[in-house]
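Trainee: This is the structure I want to talk about, given as C-alpha cells.
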Amino acid sequence: MRVALTGHRPQRLGLPEDVCDSAWDKLETWLMKELVKLHKESDELVGYCGMASGCDILFGYILSAVKNVESNIKLSCVLPCKSYNSSNKYYQEIKESADEWIELSDEFYKGCDNVRDQYMVDHCDVLIAIWDGNKSGGVWSTIRKAEKAGKKIIYCPKEILDND
Numbered sequence: 048m049r050v051a052l053t054g055h056r057p058q059r060l061g062l063p064e065d066v067c068d069s070a071w072d073k074l075e076t077w078l079m080k081e082l083v084k085l086h087k088e089s090d091e092l093v094g095y096c097g098m099a100s101g102c103d104i105l106f107g108y109i110l111s112a113v114k115n116v117e118s119n120i121k122l123s124c125v126l127p128c129k130s131y132n133s134s135n136k137y138y139q140e141i142k143e144s145a146d147e148w149i150e151l152s153d154e155f156y157k158g159c160d161n162v163r164d165q166y167m168v169d170h171c172d173v174l175i176a177i178w179d180g181n182k183s184g185g186v187w188s189t190i191r192k193a194e195k196a197g198k199k200i201i202y203c204p205k206e207i208l209d210n211d
C-alpha cells in the first residue's frame with residue numbers, strides 16, 4: 048500500500064511550528080490510527096512525505112519512528128527542490144530515516160510544490176487529506192488531483208482539527 052499525505056502548514060491550522068508540541072497530539076493520534084488500519088490491509092506500507100512544514104513533517108516524523116520497529120514500512124520523501132524546508136528541526140532526522148529521497152528540481156521555482164504534489168498523487172494508492180474544508184491552496188489542489196486520478200482519499204474529521 049502506497050500512502051501519500053496532503054495537509055496544511057501549522058499557521059493555517061492554528062498550531063505551533065513544532066509538531067512534537069502537545070497541541071498536535073489529537074492529529075498525531077488520528078494519523079497513527081489511520082496508518083495502522085492501512086498497514087493491516089497490506090504486507091508493506093510506503094509513505095510519501097512532501098516535507099513541507101506542519102502535517103507533512105508530522106507524517107514523516109511518525110513514519111521515521113514507526114519504521115524503526117516495523118520492517119515492512121518504508122518512507123519516501125519527495126521534495127519539490129533541493130534542500131526544501133531544510134531549516135525544519137526534524138528535517139535531518141527524517142532524511143536519515145528515509146528509504147528514498149527524491150528532489151524533483153535543483154532550484155525552487157513558482158509551482159514546484161504542485162509538481163511535487165502531482166508526483167505523490169501519481170505514486171500513491173491512498174491519499175490522506177488533512178484539510179480545513181476551504182477550497183483554496185495546495186491541499187485543495189492536491190485533493191482535486193487525487194479525485195481526478197480516481198485515488199481513494201481519507202479525510203481527517205473536522206473535530207480532530209478543532210483546537211478548542
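For my numbering, add 47 to where a residue sits in the sequence shown, where the first one is 1. Ideal Cβ positions, reconstructed from N, Cα and C, are used throughout, including at glycine.
Considering only their Cβ atoms, is the gap separating residue 92 from residue 120 smaller than 7 Å?
Mentor: Position 73 of the sequence shown, counting from 1, holds the residue named residue 120. Position 45 of the sequence shown, counting from 1, holds the residue named residue 92. Yes; because the gap between Cβ atoms is below 7 Å, this pair is in contact.
Trainee: Inspect the beta-carbon positions of residue 149 and residue 111 and report whether they are closer than 7 Å.
Mentor: Sequence index remark: in the sequence shown, residue 149 carries index 102 (1-based). Sequence index remark: in the sequence shown, residue 111 carries index 64 (1-based). Not in contact: residue 149 and residue 111 (Cβ atoms no closer than 7 Å).
Trainee: In angstroms with no decimal places, state the Cα-to-Cα distance between residue 164 and residue 71.
Mentor: As a working mapping, residue 164 is identified with position 117 in the sequence shown. As a working mapping, residue 71 is identified with position 24 in the sequence shown. Cα to Cα, residue 164 sits roughly 23 Å from residue 71.
Trainee: For residue 184, tell me which candidate among 49, 152, 56, 196 has the shortest Cα-Cα distance.
Mentor: The count along the sequence shown starts at 1 and reaches residue 184 at position 137. Minimum Cα distance to residue 184 is reached at 56.
Trainee: DSSP has residue 157 in a bridge; who is on the other side?
Mentor: Residue numbering aside, residue 157 sits at position 110 when the sequence shown is read from its first letter. DSSP, once it has assigned bridges, lists no residue as partnering residue 157.
Trainee: If we call anything under 7 Å between Cβ atoms a contact, is residue 51 one with residue 95?
Mentor: Numbered from 1 along the sequence shown, position 4 holds the residue referred to as residue 51. Numbered from 1 along the sequence shown, position 48 holds the residue referred to as residue 95. Yes, these two residues count as a Cβ contact at 7 Å.
Trainee: Specify, as a first and last residue, the run of the alpha helix (DSSP H) that residue 193 falls within.
Mentor: Taking the sequence shown and counting its residues from 1, the one referred to as residue 193 is at position 146. Unbroken alpha helix (DSSP H) run through residue 193: 185-195.
Trainee: Inspect the beta-carbon positions of residue 125 and residue 79 and report whether they are closer than 7 Å.
Mentor: Position 78 of the sequence shown holds residue 125. Position 32 of the sequence shown holds residue 79. Result no, Cβ atoms of residue 125 and residue 79 do not sit closer than 7 Å.
Trainee: Tell me which same chain residues have a C-beta within less than 8 Å of the C-beta of residue 151, skipping the five on either side of it?
Mentor: In the sequence shown, the residue the question calls residue 151 occupies position 104. Closer than 8 Å at the Cβ level, and outside the excluded window around residue 151, lie 125, 126, 127, 128, 159, 162, 163, 166.
Trainee: For a quick check, are the C-beta atoms of residue 48 and residue 88 less than 7 Å apart?
Mentor: Against the sequence shown, residue 48 aligns to sequence position 1. Against the sequence shown, residue 88 aligns to sequence position 41. Cβ distance < 7 Å, so residue 48 and residue 88 count as in contact.
Trainee: Quick check on this structure: which residue in 188, 90, 76 has the alpha carbon closest to the alpha carbon of residue 118?
Mentor: As a working mapping, residue 118 is identified with position 71 in the sequence shown. Taking only the C-alpha atoms, the option nearest residue 118 is 90.
Trainee: In terms of residues, what are the limits of the beta strand (DSSP E) holding residue 148?
Mentor: The residue you call residue 148 lines up with position 101 of the sequence shown. It spans 147-150 - the beta strand (DSSP E) in which residue 148 sits, taken as one unbroken run.
Trainee: Output yes or no for whether 7 Å exceeds the beta carbon distance between residue 104 and residue 135.
Mentor: Here residue 104 refers to the residue found at position 57 of the sequence shown. Here residue 135 refers to the residue found at position 88 of the sequence shown. Yes. Within cutoff.
Trainee: Between the Cα of residue 107 and those of 85, 73, 143, 130, spot the shortest distance and give me the residue it belongs to.
Mentor: Here the question's residue 107 lines up with position 60 in the sequence shown. Ranking 85, 73, 143, 130 by Cα distance to residue 107 puts 143 first.
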